[in-house]
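A.B. asks:
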Amino acid sequence: MITLGLNATFHDSAAALVVDGRLVAAAEEERFSRIKHAKRPLPFSTWELPFNAIAWCLQQAGATLADVDHVAYSFDPVRFADGREDLRVGADGSLRLPAGPVPSDLAPQDARAPWDSPWDGLFLASVLAAPGQLADGAPHHLRSRLLPAGRAPRWQWQFLDHHLCHQASAFLAAPWERCAVMTLDGRGERATTTYGRFADGHYQSLGEVCMPHSLGLLYERMTTHLGFLHSSDEYKVMALAAMGQPRWADEMCSHIRIGAQGRYVIDDIDFTALAGPPRRPGAALGALQFDLAASLQAALERTVLRLADWLHGASGERHLAMAGGVALNCVMNARLRDEGPFDSVWIQPAAGDAGTALGAALWADARARAGQTPDAAQASPVAAASASTTVESPAIAPGSLARPLRLAPRRWSMEHAHYGPQWADEEIEPLLRWAGLAYERLDDEAMLASRTADLLAEGRVIGWFQGRMEWGPRALGARSILASPIDPAMQARLNELKDREDFRPVAPAVPVERFADWFTPAAANGGESPFMLFTHQVRAEQAARIPSACHSDGSARVQTVDHRTNPRFHSLLEAVGERTGVPVLVNTSFNVRGLPVVCSPKDALEAFFTTPLDALVIGLFVLCKPGIASGAMTGAAATREAGAVIEADPRIPTDTRPDATPHAAPLPLGELA
Ligand SMILES: [Fe+2]
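Read in order, the letters of the sequence shown are residues 180 to 852 in our numbering.
(1) Which residue or residues does DSSP assign as beta-bridge partners of residue 389?
(2) What are the partner residues of residue 377, as DSSP defines its beta bridges?
(3) Three-state secondary structure (DSSP) at residue 410?
(4) Have a look at the DSSP bridge pairing and note the partners of residue 526.
(5) Which residue spans inside the region 279–349 form an unbroken beta strand (DSSP E) run of at least 3?
(6) Any chance you could list the beta strand (DSSP E) runs of at least 3 consecutive residues sitting entirely within the region 644–708, in chain order?
(7) Within 10 Å of its beta-carbon, does residue 552 have 16 or more other beta-carbons around it, so buried, or fewer, so exposed?
(8) With a floor of 3 residues, list each beta strand (DSSP E) that falls wholly inside the region 729–790, ordered by position along the chain.
(9) With three or more beta-carbon pairs closer than 8 Å as the criterion, would you say the region 720–734 touches the region 521–530?
(10) Could you pull out every residue in the same chain whose Cβ sits closer than 7 Å to the Cβ of residue 592, ignoring the five residues on either side in sequence?
(11) Which term fits residue 343, buried or exposed, when burial requires 16 or more other beta carbons within 10 angstroms of its beta carbon?
(12) Below 8 Å CB to CB, which residues in the same chain sit around residue 263 once its five sequence neighbours on both sides are set aside?
(13) Taking 8 Å as the line, does the beta carbon of residue 340 fall inside it for any heavy atom of ligand 1?
(14) Taking the straight line between their C-alpha atoms, what separation do you get for residue 639 and residue 656?
(15) So which of 242, 220 and 339 has the shortest CA-CA distance to residue 185?
(16) Mind checking whether the beta-carbon of residue 369 lies closer than 8 Å to any heavy atom of ligand 1?
(17) For residue 404, which residues does DSSP report across the bridge?
(18) Cβ-heavy atom distance between residue 262 and ligand 1 below 8 Å?
(19) Note down the Cα distance separating residue 463 from residue 678, rounded to an integer number of angstroms.
(20) Which residue's Cα is closest to the Cα of residue 364: 422, 627, 259 and 502?
(21) If you count every other CB in all the chains shown that lies within 10 Å of the CB of residue 456, and 16 or more means buried, which is it?
(22) Can you tell me which of the three DSSP states residue 398 falls into?
(23) Pull the bridge partners of residue 584 from the DSSP assignment, please.
(24) I'd like the list of long-range same chain contacts for residue 718, defined as Cβ closer than 8 Å, with 5 residues on each side in sequence excluded.
(25) Is residue 413 buried or exposed, if buried means 16 or more other CB atoms sit within 10 Å of its CB?
(26) Take every Cβ of the region 398–405, pair it with every Cβ of the region 374–386, and state whether three or more of those distances are shorter than 8 Å.
(27) Could you have a look at residue 820 and say whether DSSP puts it in helix, strand or coil?
(28) Checking 9 Å against the spacing of the C-beta atoms, do residue 587 and residue 536 come in under that value?
(29) Apart from the five residues on each side of it in sequence, which residues of its chain come closer than 7 Å, Cβ to Cβ, to residue 516?
(30) Taking C-alpha atoms, which residue in 388, 476 and 375 lies nearest to residue 424?
(31) Does residue 667 pass the burial test, meaning 16 or more other C-beta atoms within 10 Å, or should it be called exposed?
(32) Under 7 Å Cβ to Cβ from residue 418, same chain only, skipping five residues before and after it: list those, please.
(33) CB residue 318 to CB residue 297, shorter than 9 Å?
(34) Quick one: is the Cβ of residue 189 within less than 8 Å of any heavy atom of ligand 1?
(35) Hey, how far is the Cα of residue 580 from the Cα of residue 194?
(36) Residue 349 and residue 500 look like a contact to me (Cβ under 8 Å); what is the Cβ gap, rounded to whole Å?
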């Protein structure tokens, strides 16, 4: 059974493909389109489906749209419109939508809340058009790959609750058979925070908080106030917070009133009245901005700790799985790990909206394998809740804790994030030759680790392109820029190389076996941190040895690397340790400011030649900038240096040239059954 999950509603559009309970492929559209976040969260962009990501996921499984049994879309238009006078839902679930904006003075009285948009009709029309568009609206260059001539789709389509998809992306991917689950984001249809419990093969909702009360939107407002791009730059606010004092945290907390059953209400917080006017983008940053960020960060952490306390008691579970954009806040996650009530905390690496594609696919698959019809699965498991304006307003209809929903036994959990495209050496080398580049081909894995470690030990900054691309926003050793943390100037050098702000920290990677030697705590969460989603403190006795890996408060956003799931990166770290005594590298995403992480070899070459990177290690090939010692050079440029005239080699297949599609050896589906 093939299930395609889609996120396309707001931003970070993505696709994920689950075959008989196992994730086969997952990727964000931005990596193919080269537009960061794929699109901005506007009603005018809702129609855009992640066709490139869909086509690649299907290719990875050797399938087309005609083979897909279920398509699960991570937004429920009926739930969004329910109760809206200007977006009427019929008794049969049908929607009557205005074709254009409805000005407030023409909308039915009280039809819209202040946060609703006059363009919501257009927005929902785009959501509802998605099934037809997937079947009949693919870009021409992808049509034959998506749906061969003469074939027709036969899928069952499901619109699923957005936060249910965030939840499923966490508890159906986490390493446990039972856990509590909490999601926090800007907003879904209405919910902004949800709680649930997964146990004994059943999922049960434990409630939700709805608009306008949103910790995610509060953080977005602060991001805008500090002069950054909301729904994109929230991690910059988190980084600034480490440099400030939370002098307004108590006052902010006084505006976040926490009630019973995980409910909370956020009163309007006027940041301008509190600390002055917004910062203009690009203006200098100072103590005021640091303190504002620190105050909101502290208020967020205190609030989420209290919500977790309630969820711990309500669920009776020892483990917590999380998703939603707020769950990308590593500092908050660390406080939950260290001070929260749960034994362990697991965050799905694509915690933002892209991850709902994964959750949609996992949920639809698990329900279908359990013999549940799509209609039953589609029913919102959460009792409808109106936006509450007081703590006393119930977020859960009294006495209506949702019934448990049965799911099929799990066959998969997420041990790594390498579910994206990859290219084989046999595909990379013709591209290097075709482009006329000088390169060194290494003999084997040992040479790869050795040669790359030599460069890093010399203080070189390298682009590292290996294996399947990461799922989620973090580079985890497949599309990374790597450097040694020994040089105190390396952080500034990397920020300059990536053309980004000076205050941005860079994160360390360490072999999981050596985690405790360098960072603390190291025993929590099973003694690993594979997705770089928790901060740790650098051990005091080691801090001076890795100055570029330490943030201003002595913390570090650590990634542990396991030989089982990323053997090349693990071997490289060990080889670096043999040379320098420090088996730690700083690891930042392989991209430049404003662009997504590189996906293809062509992207990697463009980034390499348009930045001051010293070397590129791509598969078994090493390319060095002029003046940097290289091994035996091969390739067209080497020949050119000898005086030969080189022209494009007609024997090189066109599908390995710059627009090449990813290597996609179809998986034997029979083995997945
Ligand atoms: Fe979301």
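Quick reminder that beta carbons are idealized off the backbone N, C-alpha and C, glycines included.
C.D. replies: Looking at the coordinates:
(1) What you label residue 389 is simply residue 210 of the sequence shown in a count that begins at 1. Paired residue(s): 370.
(2) Counting from 1 along the sequence shown, the entry for residue 377 is found at position 198. Paired residue(s): 358 and 382.
(3) Numbered from 1 along the sequence shown, position 231 holds the residue referred to as residue 410. DSSP places residue 410 in coil when its eight states are reduced to three.
(4) Stepping through the sequence shown from its first residue, residue 526 is reached at position 347. DSSP lists 501 as partners of residue 526.
(5) 335–338
(6) 658–662 and 686–690
(7) Here residue 552 refers to the residue found at position 373 when the sequence shown is read from its first residue. With fewer than 16 other Cβ atoms within 10 Å, it is exposed.
(8) 734–736, 738–740 and 764–768
(9) Counting C-beta pairs closer than 8 Å gives fewer than three between the region 720–734 and the region 521–530, which falls short of the contact rule.
(10) Here residue 592 refers to the residue found at position 413 of the sequence shown. Excluding positions up to five away in sequence, the list reads 352, 353 and 354.
(11) One-based indexing of the sequence shown puts residue 343 at position 164. So residue 343 counts as buried.
(12) Taking the sequence shown and counting its residues from 1, one reaches residue 263 at position 84. Within the same chain, residue 263 has close Cβ partners 290, 291, 295 and 299.
(13) Translated into positions along the sequence shown, residue 340 becomes position 161. Not under cutoff, so the answer is no.
(14) The residue given as residue 639 occupies position 460 in the sequence shown. The residue given as residue 656 occupies position 477 in the sequence shown. Distance between the alpha carbons of residue 639 and residue 656 is about 17 Å.
(15) Looking up residue 185 in the sequence shown gives position 6. That would be 339, whose Cα lies nearest to the Cα of residue 185.
(16) As a first step, residue 369 must be located in the sequence shown, where it is residue number 190. Not one heavy atom of ligand 1 sits closer than 8 Å to the Cβ of residue 369.
(17) The residue you call residue 404 lines up with position 225 of the sequence shown. None, per the DSSP bridge assignment.
(18) On the sequence shown, position 83 is the one that residue 262 refers to. No.
(19) Numbered from its first residue, the sequence shown carries residue 463 at position 284. Numbered from its first residue, the sequence shown carries residue 678 at position 499. One C-alpha to the other measures close to 16 Å.
(20) Position 185 of the sequence shown, counted from the start, is the residue given in the question as residue 364. The shortest Cα separation from residue 364 among 422, 627, 259 and 502 belongs to 502.
(21) As a working note, residue 456 is residue 277 in the sequence shown. Result: exposed.
(22) Start at 1 with the first residue of the sequence shown, and residue 398 comes out as number 219. In the three-state reduction of the DSSP assignment, residue 398 falls in the helix class.
(23) For the purposes of this step, residue 584 is identified with residue 405 of the sequence shown, where counting begins at 1. 382, per the DSSP bridge assignment.
(24) Numbered from its first residue, the sequence shown carries residue 718 at position 539. Once the five neighbours on either side are set aside, the close Cβ partners of residue 718 are 696, 697, 698 and 699.
(25) Here residue 413 corresponds to residue number 234 of the sequence shown, with the count starting at 1. So residue 413 ends up on the buried side.
(26) no
(27) Start at 1 with the first residue of the sequence shown, and residue 820 comes out as number 641. Reliability of the predicted coordinates at residue 820 is poor, the pLDDT of 46 falling under 50, and the value obtained from them is presented with this limitation in mind. Residue state, collapsed to three classes: helix.
(28) On the sequence shown, position 408 is the one that residue 587 refers to. On the sequence shown, position 357 is the one that residue 536 refers to. Going by C-beta atoms, residue 587 is not nearer than 9 Å to residue 536.
(29) Position 337 of the sequence shown, counted from the start, is the residue given in the question as residue 516. Excluding sequence neighbours, residue 516 sits near 524, 703, 704 and 713.
(30) Start at 1 with the first residue of the sequence shown, and residue 424 comes out as number 245. Answer by Cα proximity: 476.
(31) By 1-based counting over the sequence shown, the position of residue 667 is 488. Its Cβ having fewer than 16 others within 10 Å, residue 667 is exposed.
(32) Here the question's residue 418 lines up with position 239 in the sequence shown. Taken in chain order, the residues that qualify are 682, 683 and 684.
(33) Here the question's residue 318 lines up with position 139 in the sequence shown. Here the question's residue 297 lines up with position 118 in the sequence shown. In this structure, residue 297 does not lie closer than 9 Å to residue 318 by Cβ.
(34) Counting from 1 along the sequence shown, the entry for residue 189 is found at position 10. At least one heavy atom of ligand 1 is nearer than 8 Å to the Cβ of residue 189, so yes.
(35) One-based indexing of the sequence shown puts residue 580 at position 401. One-based indexing of the sequence shown puts residue 194 at position 15. A caution first: residue 580 carries a pLDDT of 46, below 50, which makes its placement in the model unreliable, though a value can still be read off. Straight-line Cα distance between these residues: approximately 31 Å.
(36) On the sequence shown, residue 349 is found 170 positions in, with the first residue counted as 1. On the sequence shown, residue 500 is found 321 positions in, with the first residue counted as 1. Right, their Cβ atoms sit about 4 Å apart.
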